[in-house]
Amino acid sequence: MGRGQQKKPKTTKSEEVGSAAWDTIKMTEQEEDLICRMYRLVGERWDLISGRVPGRSPEEIKRFWTMRHREGSRKEQ
424 MGRGQQKKPK
434 TTKSEEVGSA
444 AWDTIKMTEQ
454 EEDLICRMYR
464 LVGERWDLIS
474 GRVPGRSPEE
484 IKRFWTMRHR
494 EGSRKEQ
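Reading the sequence shown from the start, the letters are residues 424 to 500 in this note's numbering.
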């Protein structure tokens, strides 16, 4: 590579939806309850929800919600 050129980072689909890290997100019962109640109030506004769950990022909450409520693995309803 010449000067001024940078390598573009490679991204794979496994880094997106199929990430194994998604399986490791653990929430307390209180966090789950709060996330469910907030979701019913504000929908997919993960930034607002994460503001009510200390120590959790919007991305982490969205991944938790996606894994918990994806088709075929519904616990409730």
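In this text, a Cβ means the ideal position worked out from N, Cα and C, and glycines have one as well.
On a predicted model such as this, the values are computed, not experimentally measured, just so you know.
Here's the rule I'm using: 16 or more other beta-carbon atoms within 10 Å means buried, otherwise exposed. How should residue i be labelled?
{"i": "VAL476", "result": "buried"}
{"i": "ARG479", "result": "buried"}
{"i": "ILE484", "result": "buried"}
{"i": "GLY474", "result": "exposed"}
Mind checking whether residue i and residue j have CB atoms under 8 Å apart?
{"i": "ILE448", "j": "ARG486", "result": "yes"}
{"i": "ILE472", "j": "VAL465", "result": "yes"}
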